[in-house]
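Protein chains: 2
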Amino acid sequence: MTRNPFLPGAPRPDVVEGLFSQEEVLLANRNSGTLLETLDQDITPTGTHYLLNHFDVPLISADAHFLSFAGAFDAPFDLSMEQIRALPAVTRPVTLECAGNGRAGISPRCFSMPWIYEGVGTSEWIGTPLAPLLERARPRRGVQDFAFIGADYGFDRGHGHYFGRSLTPAQIVELEVLLVWGMNGQPLLPQHGAPLRIIVPGWYGMASVKWLTRIEALHERYQGFQQVQTYRYRRHTEDPGLPITRLRVKSLMKPPGGPDWVTRQRWLRAGPVRLQGKAWAGAGIPISKVEVRIGKVWREAELTGRRDRYAWTSWQLDWTAEPGVYDLACRAQDAEGQIQPLEAPFDMAGFANNSVQQVRVHVAEKDT
Amino acid sequence: MTRNPFLPGAPRPDVVEGLFSQEEVLLANRNSGTLLETLDQDITPTGTHYLLNHFDVPLISADAHFLSFAGAFDAPFDLSMEQIRALPAVTRPVTLECAGNGRAGISPRCFSMPWIYEGVGTSEWIGTPLAPLLERARPRRGVQDFAFIGADYGFDRGHGHYFGRSLTPAQIVELEVLLVWGMNGQPLLPQHGAPLRIIVPGWYGMASVKWLTRIEALHERYQGFQQVQTYRYRRHTEDPGLPITRLRVKSLMKPPGGPDWVTRQRWLRAGPVRLQGKAWAGAGIPISKVEVRIGKVWREAELTGRRDRYAWTSWQLDWTAEPGVYDLACRAQDAEGQIQPLEAPFDMAGFANNSVQQVRVHVAEKDT
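In order, the protein sequences belong to chains A and B. Residue 396 in this note's numbering sits at position 361 of the first sequence; the count goes up by one each step and never skips. Residue 103 in this note's numbering sits at position 68 of the second sequence; the count goes up by one each step and never skips.
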């Protein structure tokens with residue numbers, strides 16, 4: 036085997052506790068968060084849904100794009116975008132969250148995209164169920180995994196690869212995985228995977244491969260870099276870890292009042308305020324409770340429903356704000372009894388921090 | 036006058052040289068940069084154009100939105116969006132850049148959005164020339180300024196205000212200011228000012244007020260917070276400063292090769308590479324030269340034109356890359372002889388850093 040001239044890749048700067056390097060800020064400039072003020076909307080407005088792209092966004096012409104079925108299929112085929120868009124279409128609101136969301140709050144912190152709260156959003160995805168299409172290509176007996184390969188190429192620690200992930204045949208059925216070409220009534224935007232991606236409802240976003248070029252049926256488990264080297268829960272360097280799969284229970288609040296432009300702390304006058312936001316959990320599990328902490332007291336919010344089993348749940352709580360300074364927080368619990376922790380759970384790579392959001396609010400006298 | 040209960044606003048964290056606070060990262064999560072890999076496109080793809088919003092993005096129904104002409108007009112009127120969209124329409128590609136673009140590279144640094152390179156983009160704006168509309172409202176003799184007030188409200192150092200800016204009658208004509216309702220063939224997206232904004236070609240982005248509700252004719256110069264308290268070039272705390280207006284000459288390169296995912300350094304194999312990017316200057320001034328530094332040598336790039344006098348200019352240079360590590364840079368000069376500096380110019384608030392971009396590129400042997 037030839038020596039890989041790209042190893043070991045670029046050196047990663049040291050992480051400083053409580054502060055961030057210019058390289059981390061560069062990632063935050065490039066990747067973008069959902070705007071918290073849109074958390075009163077069921078569907079995240081187009082162009083504000085969070086983005087986390089490992090490599091460069093490829094700009095692909097839909098006219099020249101084909102999806103190839105390859106590997107252990109008995110009847111593999113290629114499909115043009117025209118053929119794909121002619122398949123039976125469904126529109127489904129699905130909440131996606133980046134596995135690294137909340138990383139900036141984990142201590143010690145891993146060097147990567149420094150998400151705080153905003154790496155989550157809900158779109159109406161337009162596509163077709165993937166399982167029947169896979170059946171049509173007749174996977175051979177003993178197929179264990181389907182690999183999904185994107186058109187986005189880059190390097191991680193010197194390893195060049197197309198972004199790829201896999202799912203087992205059972206997961207594809209159970210999670211109702213979609214092959215997707217549209218978003219919020221329009222064709223997919225380039226940065227969201229145009230012209231074709233998958234959506235894996237209820238799992239963290241890394242599974243929903245963008246710019247999909249190829250689906251490969253495998254007799255063994257897929258060993259792609261993004262499947263086995265990253266996206267694992269690890270406690271220490273030697274820990275083989277466990278794969279990251281479904282979303283942890285979590286909630287966010289639309290910050291009330293008006294923002295201070297740079298600190299994003301909130302300012303309002305005493306009186307009635309409706310607090311509202313969203314809560315979600317993994318793979319279709321319903322939210323059973325959302326509580327809001329005002330001062331030291333947790334109060335139960337009203338759950339006002341969700342648009343789909345894979346979409347976040349809306350909640351609200353009416354508060355009569357008295358003058359003072361508050362660190363508001365919200366905390367969700369799911370139907371399996373999982374509840375958000377107050378402190379960030381540690382993970383080596385800063386994955387899946389579902390600890391509670393805090394919003395500092397300054398309430399002024401009503402009549403000054 | 037009543038005491039302002041919101042003063043002095045939230046305390047701003049100290050700035051640490053070479054590192055960034057969580058509050059700065061929060062701004063970088065929320066505001067978003069144009070993707071550098073799209074710099075081979077004349078028009079920045081929809082939803083990836085940079086965003087810098089001071090306050091919360093208001094979600095406004097176009098059906099209920101009116102633009103009011105107020106103040107020193109003899110024939111003021113209100114216009115519905117339906118009436119506005121019936122006005123003579125033009126489509127115009129205009130390059131916008133955030134006045135704070137490059138702030139992260141200025142030392143010492145001001146606490147605000149830590150832009151590195153990505154606060155710039157070009158869209159095809161759809162709207163109508165503003166000057167004839169203002170004439171229709173018959174500004175009174177002696178009007179000095181027109182104030183443009185948005186629907187976005189928030190606080191800066193404890194001062195609550197709607198975002199507002201002004202332009203003189205002469206500037207509105209000279210800069211061919213547009214009243215805009217569309218972008219890249221579609222209605223404006225909420226985060227870009229839907230349903231109505233202005234575009235001030237050739238000036239930094241703060242002038243292009245979003246979510247426009249009101250145009251006020253004034254017999255004196257407008258004294259709004261965003262006009263007189265911020266967006267001024269200042270050298271020290273006591274410096275009254277000079278207003279920030281037109282774009283400084285600048286250029287950016289599409290980073291060649293493939294990215295290392297976290298450091299964004301670039302990796303490619305030896306051989307021919309086309310380097311390409313964009314260059315722009317203020318208020319319609321053409322670009323006269325772009326040079327690219329490879330190793331220690333500056334080479335002149337070919338200018339391949341621009342779509343409009345207010346849009347950026349494309350450039351390219353073919354390079355036969357030899358193995359090694361390079362810090363590539365590009366530098367533009369405009370028709371007035373202004374040239375980009377190698378070092379960031381100092382400004383108290385980190386405005387208008389037009390120093391050269393650097394891109395680290397690792398070139399491996401061709402055949403390994």
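Beta carbons are placed, not taken as given, at the ideal position from N, Cα and C, and that holds for glycine.
- Chain-ordered, the chain B residues with CB closer than 8 Å to the CB of A/Phe90 read Gly293, Pro294, Trp296.
- A distance below 8 Å separates the beta carbons of A/Pro128 and A/Arg342.
- Ranked by Cα distance from A/Gln261, the first of B/Leu224, B/Ser67, B/Trp296, B/Thr157 is B/Trp296.
- B/Val396 and A/Gly135 have their C-alpha atoms spaced approximately 27 Å apart.
- Taking a 10 Å sphere around the C-beta of A/Val325, we find 16 or more other C-beta atoms and assign the residue as buried.
- Closest by C-alpha distance to A/Lys285, out of A/Gln264, A/Ala370, A/Arg144, is A/Ala370.
- The beta carbon of A/Arg65 falls within 8 Å of a beta carbon belonging to chain B, placing the residue at that interface.
- Under the 8 Å criterion on CB atoms, A/Gln264 is classed as non-interfacial with respect to chain B.
- With fewer than 16 other Cβ atoms from the protein chains shown falling within 10 Å of its own Cβ, B/Asp98 counts as exposed.
- Between the segment 182-193 of chain A and the segment 237-252 of chain A there are three or more C-beta pairs closer than 8 Å, enough to call the two in contact.
- Chain A has no Cβ within less than 8 Å of the Cβ of B/Gly240.
- Taking CB atoms only, A/Gln57 has a neighbour in chain B less than 8 Å away.
- Around A/Leu54, the beta-carbon contacts reaching into chain B at under 7 Å are Val51, Leu54, Phe55, Ser56.
- Around the CB of B/Ala316, 16 or more other CB atoms lie within 10 Å, so the residue is classed as buried.
- Chain-ordered, the chain A residues with CB closer than 7 Å to the CB of B/Glu153 read Asn64, Arg65.
- Remark: C-beta atoms of B/Thr130 and B/Thr157 approach each other more closely than 8 Å.
- The beta carbons of B/Tyr85 and B/Val155 sit about 6 Å from each other, so the pair counts as a contact at 8 Å.
- Residue contact with chain B for A/Asp353: absent (no Cβ-Cβ distance below 8 Å to any residue of chain B).
- Not flagged as an interface residue toward chain B: A/Asp382, since no C-beta distance is shorter than 8 Å.
- Under the Cβ criterion of 8 Å, A/Ala134 is not counted among the residues facing chain B.
- Shortest Cα-Cα distance from B/Val244 to any of B/Asp75, B/Asn219, B/Thr272, B/Leu202 involves B/Leu202.
- In this structure the segment 206-217 of chain B touches the segment 157-172 of chain B; the number of beta carbon pairs closer than 8 Å is three or more.
- Contact between B/Phe108 and B/Ala63 does not hold, since the beta-carbon distance rounds to 41 Å and is not under 8 Å.
- Judged by DSSP secondary structure, B/Glu170 falls within the alpha helix (DSSP H) whose first and last residues are 165-171.
- Bridge partners of A/His397 according to DSSP: A/Trp302, A/Val360.
- For B/Pro128, the enclosing beta strand (DSSP E) covers residues 125-132.
- Each residue's CA atom was taken as its position, placing A/Asp180 and A/Ile320 some 25 Å apart.
- Taking 8 Å as the upper bound for CB-CB distance, A/Val398 and A/Leu303 are in contact here, some 6 Å apart.
- Against chain B, the CB of A/Pro149 has a partner CB under 8 Å away; the residue lies at that interface.
- Shown here, B/Gln226 sits in a helix according to DSSP, grouped into three states.
- Beta bridge pairing from DSSP links A/Met288 with A/Gly312.
- Taking the Cβ atoms as the reference, B/Gln221 lies roughly 7 Å from B/Thr81, within the contact range of under 8 Å.
- A/Arg47 and B/Arg301 have their C-alpha atoms spaced approximately 14 Å apart.
- Looking at B/Pro149, B/Thr339, B/His194, B/Asp75, the one whose alpha-carbon comes closest to that of B/Asn39 is B/His194.
- Of the candidates A/Ala121, A/Leu102, A/Arg269, the residue whose Cα lies closest to the Cα of A/Met383 is A/Arg269.
- Taking C-beta separations shorter than 8 Å and ignoring five residues to either side along the sequence, the partners of B/Leu210 in its chain run Leu202, Val235, Pro236, Gly237, Trp238, Ala318, following chain order.
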